[in-house]
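K.L.:
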């Protein structure tokens, strides 16, 4: 009878050890999923920051073109601004497009 009790205790200890091992594996899986979620959130934050920067640049560029469109026209039908304004706008556009590549 004592041998039977000892064997029962040994089986219970082994079963408890297996259960503890499964719990540890599950905790490891949850920790891995949490790490992956954190990394994904950081990547999304980086993309959102980049998108906000592009949107700001685009808004500035559109504002420049809107400002140019509000300039009066000469009687000849030409826009009333000089070539340096056009060159400045072209440089701004090139700087913006280089930054988006």
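Numbering (the working numbering), first residue to last: 6 to 106. Every residue gets a Cβ at the ideal spot worked out from N, C-alpha and C, and that includes glycine.
#1: Which of the three DSSP states is assigned to residue 6 in this structure?
#2: Look at the alpha carbon of residue 14 and the alpha carbon of residue 41, and state the distance between them as a whole number of angstroms.
#3: Roughly how many angstroms separate the alpha carbons of residue 6 and residue 20, rounded to a whole number?
#4: Leaving out five residues before and five after residue 66 in sequence, what residues of the same chain have Cβ atoms less than 8 Å from its Cβ?
#5: Is residue 11 near the ligand SAH - that is, is its Cβ less than 7 Å away from at least one heavy atom of it?
#6: How big is the Cα-Cα spacing for residue 9 and residue 34?
P.N.:
The structure says:
#1: Walking along the chain shown from the start, residue 6 turns up at place 1. Note: residue 6 maps to coil in three-state DSSP.
#2: Taking the first residue of the chain shown as 1, we reach residue 14 at position 9. Taking the first residue of the chain shown as 1, we reach residue 41 at position 36. Roughly 41 Å separates the two Cα atoms.
#3: Position 1 of the chain shown, counted from the first residue, corresponds to residue 6. Position 15 of the chain shown, counted from the first residue, corresponds to residue 20. Their Cα atoms are separated by approximately 21 Å.
#4: Residue mapping note: residue 66 aligns to position 61 of the chain shown, counting from 1. Cβ neighbours of residue 66 beyond the five flanking positions: 97, 98, 101.
#5: For the ligand SAH, the structure offers nothing, since it holds no ligand at all.
#6: Here residue 9 is taken as the residue at index 4 of the chain shown, counted from 1. Here residue 34 is taken as the residue at index 29 of the chain shown, counted from 1. Residue 9 and residue 34: Cα-Cα distance of roughly 38 Å.
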